[in-house]
Amino acid sequence: MAEVEHGVEGELVFHPMDQFIVKPLFGDGPVHWYTPTNVTLWMAITVAAIFFMMVIGTRGRAVIPSRAQSIAELAYGFIHKMVEDVAGKDGLKFFPYIFTLFMFIVFSNFLGLLPRAFTTTSHIAVTGVLALLVFVTVTVVGFVKNGAGFLGLFWVQSAPLALRPVLALIEVISYFVRPVSHSIRLAGNMMAGHAVMKVFAAFAPLILFSGVGIAVTPLSIVAITAMYGLEVLVAFIQAYVFTILTCVYLKDALHPAH
Numbered sequence: 001m002a003e004v005e006h007g008v009e010g011e012l013v014f015h016p017m018d019q020f021i022v023k024p025l026f027g028d029g030p031v032h033w034y035t036p037t038n039v040t041l042w043m044a045i046t047v048a049a050i051f052f053m054m055v056i057g058t059r060g061r062a063v064i065p066s067r068a069q070s071i072a073e074l075a076y077g078f079i080h081k082m083v084e085d086v087a088g089k090d091g092l093k094f095f096p097y098i099f100t101l102f103m104f105i106v107f108s109n110f111l112g113l114l115p116r117a118f119t120t121t122s123h124i125a126v127t128g129v130l131a132l133l134v135f136v137t138v139t140v141v142g143f144v145k146n147g148a149g150f151l152g153l154f155w156v157q158s159a160p161l162a163l164r165p166v167l168a169l170i171e172v173i174s175y176f177v178r179p180v181s182h183s184i185r186l187a188g189n190m191m192a193g194h195a196v197m198k199v200f201a202a203f204a205p206l207i208l209f210s211g212v213g214i215a216v217t218p219l220s221i222v223a224i225t226a227m228y229g230l231e232v233l234v235a236f237i238q239a240y241v242f243t244i245l246t247c248v249y250l251k252d253a254l255h256p257a258h
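Below you can see the structure in the form of structure tokens.
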């Protein structure tokens with residue numbers, strides 16, 4: 001729930017953005033690169049949850065799968081088909097990397113919906129690293145596989161010759177903006193949804209402090225429920241969008257010609 005307190009004049013004060021503050025797990029000192037924080041804790045929980053589902057949950061390899069095995073098989077088949085459809089069969093060699101990205105993001109998003117949890121994908125530091133790794137990977141793959149031919153990605157052969165230099169400049173700028181848009185899209189959506197839920201949650205206790213709360217509190221509960229349902233959908237959609245864009249960028253690296 002949102003952190004709520006009484007102001008100096010009795011008004012209700014809440015801080016919906018406090019949920020995104022990075023805090024050390026032990027003590028109240030400064031946060032260094034090596035300091036265990038709430039972010040690293042929930043990233044570790046995410047990795048552990050993925051391990052238990054994908055390794056422990058499927059270790060039986062039953063003909064009639066358990067729930068965990070069914071979810072694992074559905075996720076595997078879903079991402080495998082996505083990579084093959086978007087990047088082609090030669091993109092399947094990168095399936096383990098893309099599947100790992102999807103599982104980490106989708107588990108981080110869903111775990112962030114638990115009470116008192118920390119949504120690691122709401123931080124640009126996390127999503128930025130993921131997006132930068134994708135950018136570096138596809139760029140290296142593009143040059144390794146195609147050599148100088150990878151630069152054909154920026155040269156639009158179908159355009160009139162006079163426009164090609166202008167379009168090439170636009171393509172270069174848009175290419176280097178990819179990691180920015182790739183990371184901000186995910187972090188922004190996760191942060192916005194959680195902040196809105198905290199704002200609605202802050203109005204729920206009003207029934208304890210004022211007469212108007214009799215009307216406001218039920219409405220806030222309905223709004224929280226609706227937002228939570230929307231956030232469940234957004235948690236999956238944002239993982240899907242991040243992953244399919246990764247496949248699109250990989251396709252450009254493997255087949256750069258316009």
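The numbering of the sequence shown is full-length UniProt numbering, which starts it at 1 and goes up by one.
We put the beta carbon where it would ideally sit given N, CA and C, even for glycine.
Since the structure is predicted, the reported quantities are computational estimates derived from the model, not experimental observations.
Closest to alanine 131 by CA distance: which of His182, Leu206, Met17, Met53 is it?
Ranking the options by Cα distance to alanine 131, first place goes to His182.
For valine 156 versus leucine 167, is the C-beta spacing smaller than 9 Å?
Yes. Within cutoff.
Which one of Val196, Ile214, Ile221, Leu254 has the shortest CA to CA distance from histidine 15?
Among Val196, Ile214, Ile221, Leu254, the Cα nearest to that of histidine 15 belongs to Val196.
What are the start and end residues of each continuous beta strand (DSSP E) run of 3 or more residues lying completely inside the segment 144-228, in chain order?
You should have found no qualifying run.
Going along the chain, which residues of its own chain have a beta-carbon closer than 7 Å to the beta-carbon of valine 86, five neighbours each way excluded?
Excluding positions up to five away in sequence, the list reads Ile244, Cys247, Val248, Lys251.
Count the other CB atoms within 10 Å of the CB of glycine 91; is the residue buried (16 or more) or exposed (fewer)?
Buried.
Would you give the residue range spanned by the alpha helix (DSSP H) that methionine 43 belongs to?
38-51 is the extent of the alpha helix (DSSP H) around methionine 43.
Return the CA-CA distance between methionine 103 and proline 30, expressed in angstroms with no decimal places.
Their Cα atoms are separated by approximately 31 Å.
Please report how far the alpha carbon of histidine 6 lies from the alpha carbon of proline 205, in whole angstroms.
Residue confidence for histidine 6 is low, a pLDDT of 47 falling below 50, so the modelled location carries little weight; the figure read from the coordinates is stated next. Cα-Cα distance, rounded: 12 Å.
May I ask whether a heavy atom of the ligand SAH can be found less than 8 Å away from the beta carbon of proline 96?
This structure simply doesn't include the ligand SAH, nor any ligand for that matter.
On the three-state DSSP scale, how would you describe proline 96?
In this structure, proline 96 counts as helix in the three-state DSSP scheme.
Across which residues does DSSP place residue 259 in a beta bridge pair?
As shown, the chain starts at 1 and ends at 258. That puts residue 259 outside it, with no answer to give.
Please list the terminal residues of the continuous alpha helix (DSSP H) segment that includes serine 70.
Element bounds for serine 70: 67-87.
Are there three or more Cβ pairs, one per stretch, closer than 8 Å when the segment 47-58 is compared with the segment 66-85?
These segments touch.
Output yes if chain D places a C-beta closer than 9 Å to the C-beta of valine 241; else output no.
Going by chain labels, chain D is absent from the structure shown, which holds only one protein chain.
Mind checking methionine 82: buried by the 16 CB within 10 Å criterion, or exposed?
Buried, by the Cβ-count rule.
Here's a check: name, in chain order, each residue in its chain whose Cβ is nearer than 6 Å to the Cβ of valine 126, leaving out the five neighbours to either side.
Excluding sequence neighbours, valine 126 sits near Thr120.
When you compare the CB positions of serine 122 and alanine 187, do they come within less than 9 Å of one another, or not?
Contact flag set, yes.
Go ahead and label valine 106 buried or exposed: buried means 16 or more other beta carbons lie within 10 angstroms of its beta carbon, across all protein chains shown.
It counts as buried.
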